[in-house]
Amino acid sequence: MAAPHGLRFDCGRICLDLVATTSDPPAERLTGPEHLTAWLVGAGVVPHGAPLEGVDGHWVARFRALRELLRRVVHDELRGRAADTDLVLLNTAAAAAHPPAVRAVRAEDGSLARTFPGPPDCAGLLAAVARDAVGLLTDTAARGQLRQCAGANCTLVYLDTSRGRRRRWCSSEVCGNRERVARHRRRTTGREAAGRDGDG
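Per numbering that gives the first Met the number 0, the sequence shown starts with residue 0, numbered consecutively.
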């Protein structure tokens, strides 16, 4: 699903969606407080309408630092094993604060909505994302669904929950479409080259 500021929320876990806020070649999507706020709400870390007046450049820097840690840990685990020092940092982030308390409140339409009793702090939100990563990496079934995108130059990691576990791309609309276009170009170019060779 596409979102404002080029943010993506299709990786299957909050921690993976945070990692997706950058890519190779470097593309920074958390460029300021507005983008971080959009990510926090879009990823479901913070309920819609929760007060987020405290988000500033310091928050952005701290979320970027957690993102880089998560990126290293997830990619290293896919390749075999994350560094113990990175696991210590991840565990420290997860235990640094309590995630914000949530409440169920009745919305105007009668449905139940999630809310916070007050403005969340940065440390609590960071801890919530770090705990999501710990949960993912220690859940054997979920971890078995981790895949790296097969798209050329894409380093995104996602959870493959597709039937038969045959999903190849982080997004069929993004990397999958690029691959289909590239395959079509190769076929077309091959036919044109064969036609020129036959004309000679």
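Ideal placement from N, C-alpha and C gives every residue a C-beta, glycine not left out.
(request) Tell me the start and end of each unbroken beta strand (DSSP E) in the region 139–197 that is at least 3 residues and wholly inside, in chain order. (result) If we require 3 residues or more, the beta strand (DSSP E) runs fully inside the region 139–197 come out as 145–147 and 156–158.
(message) Under DSSP, the alpha helix (DSSP H) around Arg71 begins and ends at which residues?
(response) Gly56 to Arg78
(message) Check this for me: beta carbons of Thr36 and Leu51, under 9 angstroms apart or not?
(response) yes
(message) Since Val133 and Leu88 should fall inside the 8 angstroms C-beta cutoff, what is the C-beta to C-beta distance between them, to a whole number of angstroms?
(response) The pair is not a contact, with the Cβ atoms about 12 angstroms apart (cut-off 8 angstroms).
(message) Checking 9 angstroms against the spacing of the C-beta atoms, do Gly11 and Gln147 come in under that value?
(response) Between Gly11 and Gln147, the CB-CB gap reaches or exceeds 9 angstroms.
(message) So for Thr114, helix, strand or coil by DSSP?
(response) strand
(message) I'd like the list of long-range same chain contacts for Ala49, defined as Cβ closer than 6 angstroms, with 5 residues on each side in sequence excluded.
(response) Phe115
(message) Nearest by alpha-carbon distance to Leu124: which of Asn176, Asp23, His4 and Pro46 is it?
(response) Pro46
(message) Considering just the uninterrupted stretch of the alpha helix (DSSP H) at Val133, what are its terminal residues?
(response) Cys121 to Thr137
(message) If distances are taken between C-alpha atoms only, which option among Gly43, Tyr157 and Glu67 comes closest to Ala112?
(response) Gly43
(message) Is it buried or exposed, Ser161, if we count other Cβ atoms within 10 angstroms and call 16 or more buried?
(response) exposed
(request) Could you work out which residue in Phe8, Arg195 and Ala64 is closest to Ala126 when comparing CA atoms only? (result) Ala64
(request) Return the CA-CA distance between Pro24 and Ser110, expressed in angstroms with no decimal places. (result) 43 angstroms
(request) Could you tell me which residues DSSP puts in a beta bridge with Ala103? (result) Arg113
(request) Could you check the C-alpha separation between Ala122 and Ser171 for me, to the nearest Å? (result) 34 angstroms
(message) Taking 9 angstroms as the threshold (C-beta atoms), are Arg78 and Val18 in contact?
(response) no
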